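Beneath this line is the structure, given in structure tokens, with notes to follow.
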Amino acid sequence: MKKNLLFIIDNLKGGGAERILITILQHLDAKKYNVDLFLINREGVYLDSVPRNICLYSALGDSNLLINKIKRRILLTFPSLFYIFHIRKLYDCYIAFREDTATRILFKAPATAQRVAWLHTDLIKHTYCKTTNKRRYFRDLPSLNQIVCVSKACQKTLINLCPAVKNKSIVLYNPIDISDIIQKSNVHINVPFSRDRINLLAVGRIDKGKNHRFLIECMPLLLNKGNFTLWILGVGPLQVELEKLRDDMGLQDYVHFLGFKENPYPLIKSCDVFVLSSLYEGLPTVIIEALILERNIVSSPCVGAEEVLCNGEFGYVASLDINSFSEAICKASEHSLLISTKLRHRLSDFDLNQQICKVNTLFRW
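Note that this note's numbering has the sequence shown beginning at 3, numbered continuously upward.
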């Protein structure tokens with residue numbers, strides 16, 4: 003008999019967790035599972051990527067509309083209302099694929115079912131755990147059957163904050179389709195990079211956590227050292243603010259916003275240095291993708307990036323001060339990434355088939 007699964011997530015905007023969820027949904031065995039996907043807000047660039055065999059439903063529409071903001075606030079104050087009004091079926095397993103709102107809803111799922119939370123971030127630094135919901139969140143976590151952490155570092159910080167979940171937490175790396183990334187990177191597109199410049203590329207949602215402001219602030223020093231250009235690939239709530247910062251700093255010719263690209267891989271493959279300035283990351287998928295495409299990488303010292311890069315063995319990890327980070331970028335621009343057997347072995351840790359098999363074991367009880 004097929005098992006009925008419900009995945010819960012805020013939306014399908016262009017973030018790493020959303021992309022990984024789509025990958026999992028595309029590769030779950032349809033002969034074994036009936037899968038539904040519940041979105042708090044029905045929006046995001048990945049909506050069209052949801053497999054057709056997945057039943058998709060939602061509580062709210064566009065999160066920018068005032069009426070939906072009010073409804074969301076009410077529903078999050080009383081998460082049980084989500085079940086009364088929106089989640090009417092019973093499932094064998096409920097999976098919250100984000101650590102904040104989705105997990106709060108998961109706490110209200112029937113305790114007779116399997117309940118699994120997915121942790122994608124460093125909870126010590128994540129803003130959600132600095133709010134008034136923190137105490138309630140860690141109080142309720144031990145009631146779940148399992149917590150999936152996307153990195154060893156994520157698991158370590160989780161256990162430090164909530165020791166009661168030690169025996170319920172596991173590490174499961176994000177599944178990455180390596181051959182698909184390589185194939186998509188070879189698609190011919192009009193790459194805007196100039197070959198007479200050193201092209202830096204940052205990929206990610208333009209929000210506070212990704213810290214793109216810092217990269218823009220590094221540019222004046224970098225321009226004193228070389229002919230650098232920064233390209234930012236992604237969309238998000240801070241784009242207008244950062245465009246104004248760029249203009250105020252007179253960097254219009256050196257900082258460019260590319261918007262969202264369904265296939266970012268030709269751009270990643272073509273850049274000179276891939277940069278990540280995040281304040282916190284559980285397991286930055288874009289770093290893994292940049293390694294697959296043999297790019298030099300400079301990353302902030304967020305725990306997930308350090309784990310992927312093996313503490314600097316496969317890329318530069320630099321502190322978030324302008325001098326140190328800029329110096330690392332200059333070094334990275336002068337040397338090619340050494341493709342070693344050890345690096346290839348490291349990338350195999352994220353192999354799609356291997357990780358999907360591990361995902362399937364979560365639902366065998």
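For each residue, glycine too, the CB sits at the ideal point set by N, CA and C.
Keep in mind that this is a model prediction, so the values were computed, not measured.
Starting from residue i, trace the alpha helix (DSSP H) in both directions and tell me its first and last residue.
| i | result |
| --- | --- |
| Ser301 | It is not in any alpha helix (DSSP H) - Ser301 instead sits in the beta strand (DSSP E) that spans 298-301. |
| Phe327 | 324-336 |
| Leu340 | Note, Leu340: premise wrong, no alpha helix (DSSP H); not H, not E. |
| Ile139 | Looking at the sequence provided, one finds Tyr at residue 139 rather than Ile. First-last of the alpha helix (DSSP H) with Tyr139: 136-142. |
| Glu308 | 305-310 |
| Ile72 | 68-79 |
| Ile107 | 103-108 |
Among residues of its own chain, excluding the 5 on either side of residue i, which ones have a beta-carbon nearer than 7 Å to its beta-carbon?
| i | result |
| --- | --- |
| Glu264 | none |
| Gly236 | Gly16, Val205, Gly206, Arg207, Ile208, Phe262 |
| Asn55 | Ala32 |
| Lys246 | none |
Which residue comes first and which comes last in the beta strand (DSSP E) that contains residue i?
| i | result |
| --- | --- |
| Ile42 | 35-43 |
Any idea what DSSP makes of residue i, helix, strand or coil?
| i | result |
| --- | --- |
| Gln254 | coil |
| Val237 | coil |
| Cys273 | coil |
| Ser171 | strand |
| Leu223 | helix |
| Tyr57 | This sequence places Cys at residue 57; Tyr is not what is there. Three-state result, Cys57: strand. |
| Gly261 | strand |
| Leu247 | helix |
| Leu62 | strand |
| Leu278 | strand |
| Arg346 | helix |
| Glu20 | helix |
| Ile89 | coil |
| Ser82 | helix |
Going by DSSP, what residues sit across from residue i in a beta bridge?
| i | result |
| --- | --- |
| Lys5 | Tyr35 |
| Ala166 | Per DSSP, none; premise fails for Ala166. |
| Gln148 | Val118 |
| Ile97 | Phe9, Val118 |
| Ile200 | Phe230 |
| Tyr318 | Val300 |
| Val288 | Answer is none; Val288 lacks a bridge partner. |
| Val205 | Leu235 |
| Asp353 | Ile178 |
What does a CB cutoff of less than 6 Å around residue i pick up in its chain, not counting 5 residues either side in sequence?
| i | result |
| --- | --- |
| Leu295 | Ser187, Ile270, Lys271 |
| Gly238 | Arg207, Ile208, Asp209 |
| Val47 | Gly16, Phe262 |
| Leu345 | Phe316 |
| Asn43 | Asn13, Leu62, Ser65 |
| Thr25 | Pro177 |
| Asn6 | Asn36, Tyr93, Asp94 |
| Leu143 | Cys164, Val167 |
Assuming residue i contacts residue j (C-beta within less than 8 Å), just tell me the rounded distance between them.
| i | j | result |
| --- | --- | --- |
| Phe327 | Val300 | 7 Å |
| Phe9 | Phe99 | 6 Å |
| Asp255 | Ser335 | Wrong, their Cβ atoms sit about 18 Å apart, outside the cutoff. |
Residues in its own chain within less than 8 Å of residue i by CB, not counting five upstream and five downstream?
| i | result |
| --- | --- |
| Asp124 | Ala155, Cys156, Thr159, Tyr282, Glu283, Gly284, Cys304, Val305, Gly306 |
| Ile290 | Asn176, Ile178, Val310, Leu349, Phe352 |
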